[in-house]
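Mind the numbering: the sequence shown is residues 704 to 927 in my numbering, read in order.
Take a look at the structure set out below.
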Amino acid sequence: MRPTPAGPIEHLDRGPLTRDELAAVIARDIPAGSYVNLGIGQPTLVADHLSPEDAVVLHTENGMLGMGPAARGEDIDPDLTNAGKIPVTELPGACYFHHADSFAMMRGGHLDVCVLGALQVSQHGDLANWHTGEPDAIPAVGGAMDLAIGAKNVFVMMDLFTKDGAAKLVPSCTYPLTALRCVSRVYTEYAVIGIDTAAGTTRARETFGTTVADLAARLPVRFS
704 MRPTPAGPIE HLDRGPLTRD ELAAVIARDI PAGSYVNLGI GQPTLVADHL SPEDAVVLHT
764 ENGMLGMGPA ARGEDIDPDL TNAGKIPVTE LPGACYFHHA DSFAMMRGGH LDVCVLGALQ
824 VSQHGDLANW HTGEPDAIPA VGGAMDLAIG AKNVFVMMDL FTKDGAAKLV PSCTYPLTAL
884 RCVSRVYTEY AVIGIDTAAG TTRARETFGT TVADLAARLP VRFS
């Protein structure tokens, strides 16, 4: 890897990252002692990369604090799942509560970080992650709107480009919005990208297997 002058670190020796590798990067960046919600899909992988020393408390919108990594083999309990119905483990001190209480935690500003998937993120931090707008698409908003406006920090974990090569980091979202100016950081297989929601600018913190200049040539946003 090599640092660019007064800028991001370019990891030219590895990348693009796998989803598990990216989940490990996100886990590394979550401050110790945080209360965190992991959204359905890719973000659930982050739980597998947190250690007890991190003292991170995972919250699920179906009513649990103290969730552990995904359950496997004999550890699987069909009554113990996350919001995506994936079997999970519980850590010492875990507790359970009503769905309504869980949403009160989300809406009341009690979560330090949430990690969500996305269809698009704009350079202003606008989030679109529940519907493509297509007539035959199945909407799936869930608790994303509550998390996006309630968490103190919103991290997005997503692929940077679609299968057709179109960027998912865009000047403005074309899909139905989940929330406005809420995303502070985007984690992708090619880069970790910070967003200045007021200025509408994006800036690489780290890149993986590519340079900032090469990414800037592929992204239709103000990127440096």
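Backbone N, C-alpha and C fix where the C-beta goes; we use that ideal spot for every residue, glycine too.
With DSSP collapsed to three states, give me the class of residue i.
{"i": "R705", "result": "Confidence at R705 is low in this model, with a pLDDT of 44, below 50, so the placement of that residue should be treated as unreliable; the coordinate-derived value is given next. Of the three classes helix, strand and coil, the one that applies to R705 here is strand, per DSSP."}
{"i": "S805", "result": "helix"}
{"i": "R908", "result": "strand"}
{"i": "L768", "result": "strand"}
{"i": "H931", "result": "Residue 931 lies beyond the stretch modelled for the chain, which goes from 704 to 927, so this question has no answer here."}
{"i": "R775", "result": "coil"}
{"i": "I712", "result": "strand"}
{"i": "L883", "result": "coil"}
{"i": "A840", "result": "coil"}
{"i": "V915", "result": "helix"}
{"i": "L922", "result": "coil"}
{"i": "M848", "result": "helix"}
Identify which residue in the options has its Cα closest to the Cα of residue i.
{"i": "G845", "options": "A758, T763, A730 and I712", "result": "T763"}
{"i": "G787", "options": "N856, A847 and V857", "result": "A847"}
{"i": "A797", "options": "P772, I712 and I841", "result": "P772"}
{"i": "V791", "options": "G811, T747 and V824", "result": "T747"}
{"i": "E837", "options": "Y799, P795 and L822", "result": "L822"}
{"i": "A727", "options": "H752, F858 and G812", "result": "H752"}
{"i": "E756", "options": "A919, D780, I733 and I852", "result": "I733"}
{"i": "G811", "options": "M770, A851 and R722", "result": "A851"}
{"i": "Q745", "options": "T913, F858 and L794", "result": "F858"}
{"i": "A730", "options": "V759, G903 and H813", "result": "V759"}
{"i": "A854", "options": "N785, K866 and L814", "result": "L814"}
Out of curiosity, what's the CA-to-CA distance linking residue i and residue j?
{"i": "R884", "j": "E777", "result": "43 Å"}
{"i": "D804", "j": "G766", "result": "7 Å"}
{"i": "S754", "j": "Y738", "result": "14 Å"}
{"i": "I789", "j": "H801", "result": "19 Å"}
{"i": "V886", "j": "C817", "result": "10 Å"}
{"i": "N856", "j": "A901", "result": "15 Å"}
{"i": "C876", "j": "A882", "result": "11 Å"}
{"i": "T707", "j": "L783", "result": "Residue placement at T707 cannot be trusted, given a pLDDT of 44 that sits under 50; the coordinates are not used to answer."}
{"i": "D716", "j": "A894", "result": "13 Å"}
{"i": "S825", "j": "P874", "result": "5 Å"}
{"i": "G736", "j": "E724", "result": "22 Å"}
{"i": "A774", "j": "R722", "result": "18 Å"}
{"i": "P795", "j": "D780", "result": "16 Å"}
{"i": "L720", "j": "M809", "result": "30 Å"}
{"i": "D917", "j": "L768", "result": "42 Å"}
Enumerate in chain order the residues of its own chain whose CB-to-CB distance from residue i is below 8 Å, with the five nearest sequence positions on each side excluded.
{"i": "R921", "result": "F864 and A870"}
{"i": "L661", "result": "Residue 661 cannot be examined here, being either before or after the span of the chain that is shown, 704 to 927."}
{"i": "D862", "result": "K871, T891 and E892"}
{"i": "F806", "result": "E764, G846 and D849"}
Which residues mark the beginning and the end of the beta strand (DSSP E) in which residue i is found?
{"i": "S825", "result": "Q823 to S825"}
{"i": "A894", "result": "A894 to D899"}
{"i": "E793", "result": "V791 to Y799"}
{"i": "R888", "result": "V886 to Y890"}
{"i": "V760", "result": "V760 to T763"}
Leaving out five residues before and five after residue i in sequence, what residues of the same chain have Cβ atoms less than 7 Å from its Cβ?
{"i": "H834", "result": "A840, P842, Y878 and P879"}
{"i": "P711", "result": "A907, R908, E909, T910 and V915"}
{"i": "L741", "result": "T747, V749, A750, L761 and V818"}
Once you ignore the five residues that flank residue i on each side, which residues in its own chain have a CB closer than 6 Å to its CB?
{"i": "T905", "result": "Q826, I896, I898, V924 and F926"}
{"i": "M677", "result": "In the structure as shown, the chain begins at 704 and stops at 927. Residue 677 is therefore absent and cannot be evaluated."}
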